Amino acid sequence: MSSRSQDESRRAASSDASADERTLYDPESDDEGYDGRPSGELMEGDHDILDSEDERDRLLTQEQGIFGKKGVKIGKLSRKAEMKERKRGQSEETSALMYEMEEGIGHNSSTSLRSRRSSESDEQRLVASRAQRKAKKARLWRRIIIYASIVVLFVVLLAATYRLSTPKDVKDAAALVSNGTSLFAPTTILISLDGFRADFLYRNLTPTLNQFIQEGISPKYMLPSFPSVTFPNHYTMATGMYPEAHGIVSNTFWDPTLEKEFYYTDPERSLQPHWWGGEPIWVTAEKQKVRAAVHMWPGSEAHIQDQMIAYVDKYNGSEVLPMKTNRILDLLDLPGPKDIGAEATTPRPQLIAAYVPDVDGDGHRFGPNSTEIKKTIANADAMLGDILKGLHERNLTNIVNVVVVSDHGMATTDVSRLIQLEDIVDPAELAHIDGWPLYGLRPKNPSDLQRLYDQIKERTKDNPNVEVYLRDENMPERYHFSKNERIAPLWIVPKAGWAIVTKDEFNIEVGKKKGEVYHPRGLHGYDHEHPLMRAIFVARGPAFPHAPGSRMEPFQNIELYNIICDSLNLAPAPNNGTLRLPLTPSGHHNDSSAPDETPDDPPTHSLPTQPFATPQLASMPASLGSVSSIAASASGLEDTQPSLSDDDTPVRPTPPSKTSSAAPAATSGEKWWEWLTHKAENVEEWVEGFIQEHVGGDKDKEGKKND
Numbered sequence: 001m002s003s004r005s006q007d008e009s010r011r012a013a014s015s016d017a018s019a020d021e022r023t024l025y026d027p028e029s030d031d032e033g034y035d036g037r038p039s040g041e042l043m044e045g046d047h048d049i050l051d052s053e054d055e056r057d058r059l060l061t062q063e064q065g066i067f068g069k070k071g072v073k074i075g076k077l078s079r080k081a082e083m084k085e086r087k088r089g090q091s092e093e094t095s096a097l098m099y100e101m102e103e104g105i106g107h108n109s110s111t112s113l114r115s116r117r118s119s120e121s122d123e124q125r126l127v128a129s130r131a132q133r134k135a136k137k138a139r140l141w142r143r144i145i146i147y148a149s150i151v152v153l154f155v156v157l158l159a160a161t162y163r164l165s166t167p168k169d170v171k172d173a174a175a176l177v178s179n180g181t182s183l184f185a186p187t188t189i190l191i192s193l194d195g196f197r198a199d200f201l202y203r204n205l206t207p208t209l210n211q212f213i214q215e216g217i218s219p220k221y222m223l224p225s226f227p228s229v230t231f232p233n234h235y236t237m238a239t240g241m242y243p244e245a246h247g248i249v250s251n252t253f254w255d256p257t258l259e260k261e262f263y264y265t266d267p268e269r270s271l272q273p274h275w276w277g278g279e280p281i282w283v284t285a286e287k288q289k290v291r292a293a294v295h296m297w298p299g300s301e302a303h304i305q306d307q308m309i310a311y312v313d314k315y316n317g318s319e320v321l322p323m324k325t326n327r328i329l330d331l332l333d334l335p336g337p338k339d340i341g342a343e344a345t346t347p348r349p350q351l352i353a354a355y356v357p358d359v360d361g362d363g364h365r366f367g368p369n370s371t372e373i374k375k376t377i378a379n380a381d382a383m384l385g386d387i388l389k390g391l392h393e394r395n396l397t398n399i400v401n402v403v404v405v406s407d408h409g410m411a412t413t414d415v416s417r418l419i420q421l422e423d424i425v426d427p428a429e430l431a432h433i434d435g436w437p438l439y440g441l442r443p444k445n446p447s448d449l450q451r452l453y454d455q456i457k458e459r460t461k462d463n464p465n466v467e468v469y470l471r472d473e474n475m476p477e478r479y480h481f482s483k484n485e486r487i488a489p490l491w492i493v494p495k496a497g498w499a500i501v502t503k504d505e506f507n508i509e510v511g512k513k514k515g516e517v518y519h520p521r522g523l524h525g526y527d528h529e530h531p532l533m534r535a536i537f538v539a540r541g542p543a544f545p546h547a548p549g550s551r552m553e554p555f556q557n558i559e560l561y562n563i564i565c566d567s568l569n570l571a572p573a574p575n576n577g578t579l580r581l582p583l584t585p586s587g588h589h590n591d592s593s594a595p596d597e598t599p600d601d602p603p604t605h606s607l608p609t610q611p612f613a614t615p616q617l618a619s620m621p622a623s624l625g626s627v628s629s630i631a632a633s634a635s636g637l638e639d640t641q642p643s644l645s646d647d648d649t650p651v652r653p654t655p656p657s658k659t660s661s662a663a664p665a666a667t668s669g670e671k672w673w674e675w676l677t678h679k680a681e682n683v684e685e686w687v688e689g690f691i692q693e694h695v696g697g698d699k700d701k702e703g704k705k706n707d
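Numbering follows full-length UniProt numbering, in which position 633 of the sequence shown is assigned residue number 633; successive positions increment by one, without gaps.
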């Protein structure tokens with residue numbers, strides 16, 4: 001009985017539910033309560049029906065019932081089927097309602113209006129919901145961007161803090177190398193041999209330098225910058241900038257803005273910081289906590305950028321070469337920062353820049369092909385040998401970089417290669433004359449510039465050994481010598497071996513008649529690409545890990561600054577150079593294809609007929625080939641050097657004083673002796689050349705046959 005009554009109850013409930021479903025979903029129902037009802041009300045009714053069904057299922061499928069868990073499964077399947085049916089009904093309902101709204105069908109206008117308002121309300125709520133979602137998404141992206149920016153900024157700050165907080169000695173610990181007694185940070189010795197012409201290496205006078213070339217890397221030559229004089233080129237090597245860029249445009253020049261004259265041998269004028277532009281290597285080093293020692297390098301005594309340098313040695317023209325050697329080695333012997341006894345006031349420098357003026361001084365005084373200059377070249381080579389020997393004794397050969405350079409070459413002068421300034425321009429029309437042996441002219445009246453240029457061009461048109469330029473019009477671009485007001489607007493540039501002189505300096509006509517010898521015997525300052533102006537560059541050390549004897553292509557000395565910076569791990573200041581380490585070899589110095597870069601001197605011009613008899617060279621005793629001039633023992637110029645000088649480059653020669661106590665006979669004797677010495681030197685050179693060409697050539701041929 002109980003089971004039967006339960007079945008009847010279930011059938012009755014199912015019948016009632018079916019009736020309810022027909023009432024809810026039948027679109028054909030005539031019930032007025034359905035027509036035009038908004039979807040919100042319909043959904044609420046549906047939820048009520050579903051809740052009541054769920055309640056019935058729970059009552060019918062309790063575990064105590066006869067259906068048990070199976071009834072639960074049946075109930076779930078039934079509900080899924082009913083839900084699908086309701087969705088189909090809702091879809092049909094929605095379609096019907098939309099059709100009625102579009103066609104205006106309904107039982108009354110109020111019902112349609114309510115439905116329309118309900119739809120509009122639903123649409124507004126939908127739009128608002130979408131707007132809220134967009135706003136929420138935008139806020140989310142903004143937060144993501146802000147958080148990401150904060151993270152990136154934090155990482156950057158963390159890296160910067162780590163870099164700044166890490167002690168330099170910790171960062172450079174891997175770069176420290178021990179020689180057995182001390183730790184050495186990257187160290188470079190830079191030595192400048194002023195006036196050392198590139199072909200001096202091929203005169204069998206420089207065994208140390210020739211061996212050094214076979215151990216390191218070098219080009220056949222290095223080009224100086226224009227003009228090829230000492231102060232501009234030494235400061236170019238120190239800064240990597242053309243003279244027009246760093247402002248030291250000559251050994252002497254006029255600054256129209258300052259209305260002052262720069263004169264290289266006058267410390268009162270030349271050591272003021274306002275003359276010196278750019279950033280020299282010793283300032284770059286000290287700014288990056290690399291200690292520097294500068295020995296007599298031109299410009300080092302000026303307090304450039306107010307940067308204190310660890311060691312600055314003032315110019316001393318009388319210092320002998322062994323003292324320079326001792327100074328360099330003593331600096332290396334100072335305790336390092338990790339050594340016992342190290343003091344902040346006497347640090348060991350990592351950069352040592354040393355200037356050697358001897359070759360230039362004797363090249364000016366005696367000429368680049370004189371007997372005297374041979375000894376000077378050999379002495380400079382011996383000094384370098386002592387330095388390299390000292391490095392070897394300290395076990396520093398493979399630890400310390402050594403770079404040897406020169407600033408320019410040298411050309412022989414002759415009375416027959418002089419140009420009288422007064423013959424081409426009136427000095428009375430000039431306010432300033434800059435430079436020498438090339439002349440930069442500043443007219444008193446700027447409006448006369450073009451006229452003076454045309455005049456000089458006309459008067460020199462038959463002389464191919466002189467060029468005339470206007471700074472702002474036809475100055476050769478390769479000179480890089482126009483973009484500075486310190487450069488005079490008009491220039492007379494002689495060819496190598498020629499010189500321009502005033503009558504007060506040397507009267508050419510009188511000098512030729514009297515057989516006078518023009519001094520200086522050697523000059524530079526010419527076209528920086530002329531073979532006689534070529535300089536040298538040789539490097540060896542851990543910063544130059546190339547095959548021994550590597551040969552590279554020639555380059556200009558603006559590249560030296562970057563090379564030295566890289567050898568010390570310094571960040572270079574802006575400059576005109578582009579060459580960086582490691583250098584790129586192009587061959588080997590022992591290659592049979594290596595170019596021969598020995599230049600010819602200017603042609604020798606015979607002196608006019610002398611007022612006294614001249615002996616025939618052929619009848620000269622052989623012993624005269626080694627005769628030295630009267631002043632052979634002098635190591636520099638006759639004039640006393642001030643406390644600062646770029647080198648022993650002479651100032652323009654001045655005529656003898658009228659009050660001189662020298663008798664005319666003595667003067668004639670001096671001229672005779674100088675002439676005789678000059679001719680003897682020519683004979684010696686001719687004999688050496690003859691022997692080398694014939695005797696040496698035969699030996700070479702025999703050697704080849706034996707091979």
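Beta carbons are placed, not taken as given, at the ideal position from N, Cα and C, and that holds for glycine. None of the values given here were measured: they were computed from a predicted structure.
| Between the C-alpha atoms of ARG348 and PRO443, what's the straight-line distance to the nearest angstrom? | Numbered from 1 along the sequence shown, position 348 holds the residue referred to as residue 348. Numbered from 1 along the sequence shown, position 443 holds the residue referred to as residue 443. Taken atom to atom, the span from the alpha-carbon of ARG348 to that of PRO443 is near 51 Å.
| So who's on the other strand from HIS588, going by DSSP bridges? | Working through the sequence shown from its first residue, we reach residue 588 at position 588. According to DSSP, which records beta bridges pairwise, HIS588 is partnered with SER550.
| field | Cut-off 7 Å between Cβ atoms - residues of its own chain near ARG580, not counting five sequence neighbours on either side | value | One-based indexing of the sequence shown puts residue 580 at position 580. Result list for ARG580: ASN562 and ASP566, in chain order.
| said: Relative to the C-alpha of ALA185, which candidate in ARG203, ILE500 and GLY336 has its C-alpha closest? | reply: Position 185 of the sequence shown, counting from 1, holds the residue named residue 185. Selected option, being the one with the closest Cα: GLY336.
| task | Would you mind working out which of LYS137, LEU190, VAL177 and VAL290 sits nearest ASN395, comparing C-alpha positions? | result | For the purposes of this step, residue 395 is taken as the residue at position 395 of the sequence shown. Considering only LYS137, LEU190, VAL177 and VAL290, the residue with the shortest C-alpha distance to ASN395 is VAL177.
| task | Give the secondary structure of TYR355 by DSSP, where H, G and I count as helix, E and B as strand, and everything else as coil. | result | Here residue 355 refers to the residue found at position 355 of the sequence shown. Three-state DSSP puts TYR355 in a strand.
| Buried or exposed (CB count within 10 angstroms, at least 16 for buried), ASP48 | Here residue 48 corresponds to residue number 48 of the sequence shown, with the count starting at 1. By the neighbour-count rule (16 or more Cβ atoms within 10 Å), ASP48 is not buried but exposed.
| Which value, in whole angstroms, describes the spacing of the CA atoms of LYS314 and GLU268? | Locating residue 314 in the sequence shown gives position 314, where the first residue counts as 1. Locating residue 268 in the sequence shown gives position 268, where the first residue counts as 1. Rounded to the nearest angstrom, the two C-alpha atoms are 14 Å apart.
| request: For the alpha helix (DSSP H) holding ASN557, just list the boundary residues, first then last. | output: Walking along the sequence shown from the start, residue 557 turns up at place 557. Per DSSP, ASN557 lies in no alpha helix (DSSP H) segment and is marked neither H nor E.
| query | Cα separation between GLU670 and MET410? | reply | Position 670 of the sequence shown, counted from the start, is the residue given in the question as residue 670. Position 410 of the sequence shown, counted from the start, is the residue given in the question as residue 410. Below a pLDDT of 50, predicted positions are generally treated as unreliable, and GLU670, at 42, falls in that range; the measurement from the model is reported next regardless. Approximately 25 Å between the Cα atoms of the pair.
| task | With a cut-off of 8 Å on the beta carbons, I'd call THR188 and LEU329 a contact; round off their distance for me. | result | Stepping through the sequence shown from its first residue, residue 188 is reached at position 188. Stepping through the sequence shown from its first residue, residue 329 is reached at position 329. Not confirmed; about 15 Å, so no contact.
| message | If I follow the unbroken beta strand (DSSP E) through PHE537, where does it start and stop? | response | Here residue 537 refers to the residue found at position 537 when the sequence shown is read from its first residue. Counting along the chain, the beta strand (DSSP E) containing PHE537 begins and ends at 537-540.
| task | Could you check which residue in ASN569, ILE558 and PHE481 has the C-alpha nearest to that of ASN575? | result | Mapped onto the sequence shown, residue 575 falls at position 575. It is ILE558 whose Cα lies nearest to the Cα of ASN575.
| request: Identify which residue in GLY497, LEU441, VAL517 and ARG521 has its Cα closest to the Cα of GLU485. | output: Position 485 of the sequence shown, counted from the start, is the residue given in the question as residue 485. Among GLY497, LEU441, VAL517 and ARG521, the Cα nearest to that of GLU485 is on LEU441.
| query | Whose C-beta lies closer than 7 Å to the C-beta of PRO602 among residues of the same chain, with five residues either side of it excluded? | reply | Here residue 602 corresponds to residue number 602 of the sequence shown, with the count starting at 1. So the list reads ALA411, THR412, ARG417, ALA496 and GLY497, once near-sequence residues are dropped.
| In chain order, which continuous runs of the alpha helix (DSSP H) of length 4 or greater are located wholly inside the stretch 470-522? | As far as the stretch 470-522 is concerned, its whole alpha helix (DSSP H) runs of at least 4 residues are 508-514.
| Opposite LYS260 in the DSSP bridges: which residues? | As a position in the sequence shown, residue 260 is number 260, starting the count at 1. Answer is ASP255.
| Pairwise C-alpha distance: SER119 and ILE145 | By one-based count along the sequence shown, residue 145 stands at place 145. By one-based count along the sequence shown, residue 119 stands at place 119. So the two alpha carbons sit approximately 39 Å from each other.
| request: Report, in whole angstroms, the separation of the C-beta atoms of PRO489 and PRO437, which I expect to be a contact under 8 Å. | output: In the sequence shown, counting from the first residue as 1, residue 489 sits at position 489. In the sequence shown, counting from the first residue as 1, residue 437 sits at position 437. With a contact defined as Cβ atoms closer than 8 Å, PRO489 and PRO437 miss out at about 19 Å.
| request: Starting from the Cα of TRP491, find the closest Cα among GLU279, VAL425, LEU271 and ALA160 and give me that residue. | output: Residue numbering aside, residue 491 sits at position 491 when the sequence shown is read from its first letter. Out of GLU279, VAL425, LEU271 and ALA160, VAL425 has the C-alpha closest to the C-alpha of TRP491.
| message | Below 8 Å on the Cβ atoms is my contact criterion, and I expect residue 710 with ILE217 to pass it. Report the Cβ-Cβ distance as a whole number of Å. | response | In the structure as shown, the chain starts at 1 and stops at 707, and residue 710 therefore has no counterpart that could be examined.
| Same chain, Cβ closer than 6 Å to PRO531, neighbours up to 5 away in sequence not counted | In the sequence shown, the residue the question calls residue 531 occupies position 531. Hits under 6 Å: PRO599.
| By how many angstroms is the C-alpha of ALA160 removed from the C-alpha of LYS324? | For this step, residue 324 is matched to residue 324 along the sequence shown. For this step, residue 160 is matched to residue 160 along the sequence shown. Going by the C-alpha atoms only, they are around 43 Å apart.
| query | Per the contact definition of three or more C-beta pairs closer than 8 Å, is the stretch 351-360 in contact with the stretch 288-295? | reply | Yes: the two stretches touch, three or more of their Cβ pairs being nearer than 8 Å.
| Classification of ASP472 by the beta-carbon crowding that lies within 10 angstroms, buried from 16 upward | Here residue 472 refers to the residue found at position 472 of the sequence shown. Exposed, because fewer than 16 other Cβ atoms sit within 10 Å of the Cβ of ASP472.
| Closest to SER182 by CA distance: which of LEU223, ASP333 and LEU190 is it? | Along the sequence shown, one-based indexing puts residue 182 at 182. Looking at LEU223, ASP333 and LEU190, the one whose alpha-carbon comes closest to that of SER182 is ASP333.
| field | Per DSSP, cross-strand counterpart(s) of HIS528 | value | Numbered from its first residue, the sequence shown carries residue 528 at position 528. None; HIS528 has no bridge partner.
| Counting only beta-carbon atoms, is GLU301 nearer than 7 Å to chain C? | Of the protein chains in this structure there is only one, and it is not chain C.
| task | Have a look at ILE536 and THR502 and give me their C-alpha separation to the nearest angstrom. | result | On the sequence shown, position 536 is the one that residue 536 refers to. On the sequence shown, position 502 is the one that residue 502 refers to. Straight-line Cα distance between these residues: approximately 33 Å.
| Contact check, GLY541 vs VAL356, beta carbons under 7 Å | Position 541 of the sequence shown holds residue 541. Position 356 of the sequence shown holds residue 356. Not in contact: GLY541 and VAL356 (Cβ atoms no closer than 7 Å).
| field | Span separating the alpha-carbon of VAL510 from that of ASN590 | value | Taking the first residue of the sequence shown as 1, we reach residue 510 at position 510. Taking the first residue of the sequence shown as 1, we reach residue 590 at position 590. Between the C-alpha atoms of VAL510 and ASN590 there is a straight-line separation of about 51 Å.
| message | I need the DSSP call for ILE419, collapsed to helix, strand or coil. | response | For the purposes of this step, residue 419 is identified with residue 419 of the sequence shown, where counting begins at 1. In this structure, DSSP gives ILE419 an extended state, which the three-state scheme calls strand.
| message | Please tell me whether ASP360 and GLY195 are closer than 7 Å, where the distance is taken between their beta carbons. | response | Translated into positions along the sequence shown, residue 360 becomes position 360. Translated into positions along the sequence shown, residue 195 becomes position 195. Taking 7 Å as the Cβ cut-off, ASP360 and GLY195 qualify as a contacting pair.
| Cβ distance (whole Å) where GLN214 is taken to contact GLY549 below 8 Å | Along the sequence shown, one-based indexing puts residue 214 at 214. Along the sequence shown, one-based indexing puts residue 549 at 549. Contact flag correct, Cβ pair sits at about 5 Å.
| Which same chain residues, not among the five before or five after SER225, have their C-beta less than 8 Å away from its C-beta? | Looking up residue 225 in the sequence shown gives position 225. Around SER225, the same chain offers PRO232, ASN233, THR236, TYR242, PRO243, HIS480, HIS528, GLN556, ASN557 and ILE558 as residues with beta carbons nearer than 8 Å, after the five sequence neighbours per side are excluded.
| query | alpha helix (DSSP H) containing ARG327: first to last residue? | reply | Start at 1 with the first residue of the sequence shown, and residue 327 comes out as number 327. Bounds of the alpha helix (DSSP H) holding ARG327 are 321-332.
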